[in-house]
Structures are given as structure tokens and as C-alpha cells.
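One structure below.
Chains as they are written, first to last, in this note's numbering: chain A, 1 to 114; chain B, 1001 to 1228.
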């Protein structure tokens, strides 16, 4: 996957860190100190459509041939997460119990075009 | 930025100016975390347990794990295979001191409705520290509110012959599991000793040997991955 730069226009991963102290949540979330709420942004023109990140491969080449042949019928291609991982939280619930849980698919590691 | 294909549903923040964009993203992060924890709002300021009790509990849990003594906290259900998308929870609940007499003491363990309402208990273990210097008979009763009557019913009763001071564990999985379906999931434990034996527990709440329950739970509905 590609990380967004200052003036990226193509599909890339935009990093965004939420510091729990900044939003006043550090008293009930014990760990971690923040949440990497990265997201995908950018364009997916036809020539990169369907390539998850940089994972070009044989089947991508075949896909490109098919797309080139049917360019007129090309459907929209969107910039979406292609790899995600859980967010592990240790927090106090409203009865001051200590709860640990791993919330699946909360952190985007890479983006690509559908 | 730029024309976006009609089929892609963006989250809409990319087009905002930097200031409002940051605020929108922070609001989105809060909403996303609270939704995944099934919380309507962030919990109020917690009353954390004493540092001594917390360290003692974590040490005890680790010792229990390394002993691999699954018997004491027998699994009620095998956890789902990893990658099943079923979110798992581990809860550490310290006792609230309830009513007491010269022969008995009540301890309450509360579990939050948010977690209780959307998970099922895999395993739950009660950790008790006996301060008794020598052998002492103790009866441990698990009480739970009876929906039909105002008082409580005895879910289970265990008679122990404590030989010396130290930690002991009790499997309370079935009792906690049956609580999780109720309005206020609260487990009450009654400890009773013969007349004149004095309380078997440490003297006060701040003691680092305060009773606690460790419960493992698993979400009942698989986590849905929304692809846009």
C-alpha cells in the first residue's frame, strides 16, 4: 500500500492519530494512549483499478487486459482498505471493572483500488 | 479532492478544510470506538481499584495461567477459532463489600449491561484470599436475584476446609453466565463461618488481597466487515 504525501491524488493511506489525552479519554482508557484512525483517500483511475496496493501480479495483468478491452463498460473503482488489524483496548467500564478487548478491523494498514 | 466516481461512498472528510476536518475525524473516532464497545457514551470517571489490589490480582491471574489450572475455572465453551471475527472480552471485577454479620459477609460483583447484553461467558473464576491463620471451615454461597421474589436464591453452595492463609479459586462460570441474561448482571457471594470464628477475609477494601472475579466472554454476534 502507499501512504499519502502532502499532495497525493491517487489512492493512498492517510495516517491520522487520535491522542486519548487530547479528547479527554485518558481517565477511562488505560491502554493504549491513542488510536491510529488511518483512512483511505484518493483517486482510482482505470489503469490502477483493481490493484490492491502495489500487489501487481499475473492475475492483475490479465485483469488489466480485460479492463483495457472493455474500457467503455468500466465500472467505478474505489479506494478502500486492503489490510486492517484489531485495536486492543484496556479500559474501565461504568462499574469500574477493568475490561480488555480486541476490536477487529479498526486500524487500516494499507489501501488499494477495488 | 477532484471528481470522485459516483460508486464510491467517501466518508466525506477529505473535502473539508484542515480545522473542521480534524474535528470531524476526532468525532468519528469517538463514535466508532463507543459503537464497537457498545457504549452509548463514555463511562463516567471510574473509581479505580487500589494499586496494591490491582497488582496483586494481575500477579495472581498470571500465576493461575502458568499453573494451567483450567479445572478451577473450567471453560464453559471453547473460544471461537481465531479469525471468526467474534470479539472477545476479559473482565476483572473487584468485590464491593455488602451486608455482613458476625458469621457471614456478602460481596457483590457487577458487570456492565453493555458487555453482558451482547456476549456470552466462556469462563469465570472467583479469587478469594483467606487471612485465617489455621484450619477454618467456610461455606461459599453464590446468590442471584430471583426474578419472581424480592429476595435472592442460592445458585450454588460450596463447603471449604481452609488449611492456611492464601489464595483459593472457585469456578463461578455457570452462575455468571446465567446472570448475563438479566437486567442488572450482579453476582452476590456469601461467605459464612461458624459462630465465633471471625471474618475469613482481609480487613478492608484497600487491602491488596481483596476478592475479585476474572471472566472471559465472547461477542454473540460476529463482527460484520463493511466493504465500501
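By construction, the Cβ of each residue, glycine as well, lies at the ideal position given by its N, Cα and C atoms.
Check	Outcome
Burial state of residue 953 of chain B (16 or more Cβ within 10 Å)	Chain B is shown from 1001 up to 1228; residue 953 of chain B falls before or after that span and cannot be answered.
Residues bridged to residue 30 of chain A [DSSP beta-bridge criterion]	In the DSSP output, where bridge partners are listed per residue, residue 30 of chain A has none listed.
Touching by the beta-carbon criterion (3+ pairs, under 8 Å), the segment 1149 to 1168 of chain B and the segment 1092 to 1103 of chain B	no
Pair within 8 Å by beta-carbon distance, residue 1087 of chain B and residue 1185 of chain B	no
Rounded C-alpha distance that separates residue 1213 of chain B from residue 22 of chain A	33 Å
Integer Cβ distance of residue 1211 of chain B from residue 1142 of chain B, believed to fall under 8 Å	Contact doesn't hold; Cβ gap of about 13 Å is too wide.
Backbone CA spacing between residue 40 of chain A and residue 1089 of chain B [nearest angstrom]	29 Å
Whole-angstrom distance between residue 1128 of chain B and residue 1169 of chain B, CA atom to CA atom	6 Å
Min CB distance residue 94 of chain A to chain B below 8 Å	yes
Option in A/27, A/113, A/114 and A/108 with minimal Cα separation from residue 35 of chain A	A/108
Members of the segment 100 to 111 of chain A that neighbour chain B once the beta carbon cut-off is set at 8 Å	100, 101, 102, 103, 104, 105 and 106
Any C-beta of chain A under 8 Å from that of residue 1170 of chain B	no
Local conformation of residue 100 of chain A per DSSP, three classes	strand
Expected contact under 8 Å - CB spacing of residue 1102 of chain B and residue 1190 of chain B to nearest Å	Contact doesn't hold; Cβ gap of about 14 Å is too wide.
CB contact check: residue 1111 of chain B to chain A, cutoff 8 Å	yes
Chain B contacts from the segment 5 to 35 of chain A (Cβ-Cβ distance under 7 Å)	9, 16, 18, 23, 25, 27, 28 and 35
Distance CB(residue 1155 of chain B)-CB(residue 1144 of chain B) smaller than 8 Å	yes
Short Cβ contact (8 Å threshold) for residue 16 of chain A with residue 38 of chain A	yes
For residue 27 of chain A and residue 1046 of chain B, believed in contact at Cβ under 8 Å, the rounded distance	7 Å
Nearest residue (CA-CA) to residue 1134 of chain B, options B/1120, B/1052 and B/1165	B/1165
Same chain, Cβ closer than 6 Å to residue 2 of chain A, five either side skipped, listed in chain order	12
Contact set for residue 100 of chain A: own chain, Cβ-Cβ below 6 Å, skip 5 residues either direction	90
C-beta neighbour in chain B for residue 76 of chain A, strict 8 Å	yes
Environment of residue 96 of chain A [buried if 16+ CB atoms lie within 10 Å]	buried
Interface partners of residue 97 of chain A on chain B, CB under 8 Å	1091, 1092, 1093, 1094, 1110, 1111 and 1112
Residues of the segment 1033 to 1051 of chain B with Cβ closer than 9 Å to any Cβ of chain A, in chain order	1033, 1036, 1037, 1039, 1042, 1043, 1044, 1045, 1046, 1047, 1048 and 1049
Cutoff 8 Å: residue 1026 of chain B Cβ touching any chain A Cβ	yes
Close-in-space but distant-in-sequence residues of the same chain around residue 1202 of chain B (CB under 7 Å, 5 per side omitted)	1129, 1131, 1209 and 1210
Where residue 1097 of chain B meets chain A, residues with beta-carbon distance less than 8 Å	Here the premise fails: no neighbours, minimum Cβ distance about 14 Å.
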